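Chemist: Heads up, the sequence shown is in my numbering, so the first residue is 439 and it goes up one at a time. Backbone N, C-alpha and C fix where the C-beta goes; we use that ideal spot for every residue, glycine too. If you're wondering where the values come from, they're calculated on a predicted model, not measured in any experiment.
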Amino acid sequence: MMEKLNGETCIICEQQKQNGFHLYTSFICIDCEREMVQTDTDHPLYKFYLQQLSKVSQKQILS
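1. Could you tell me the alpha carbon to alpha carbon distance between Cys470 and Thr463, rounded to whole angstroms?
2. Sort out for me which residues DSSP pairs Ile450 with in a bridge.
3. Have a look at Leu488, Gly445 and Leu483 and flag the residue whose alpha-carbon is nearest the alpha-carbon of Asn457.
4. Using DSSP bridges, identify the partner residues of Lys455.
5. Taking the straight line between their C-alpha atoms, what separation do you get for Ile450 and Ile466?
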């Protein structure tokens, strides 16, 4: 689900963007999402995307 937000910082491009989505507690802009899904695994940017995605933090639910 895409959300219109008041400018959040994308964890991939590290820029303020209006449109994107949340993955756990991190924000990914729609532009980066489009680029990531079109990038081949042998492209040099693929490793960069993996590195940036490693910043995604997961909220843990404690029971």
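Modeler: In brief:
1. 17 Å
2. None; Ile450 has no bridge partner.
3. Gly445
4. Glu446
5. 7 Å
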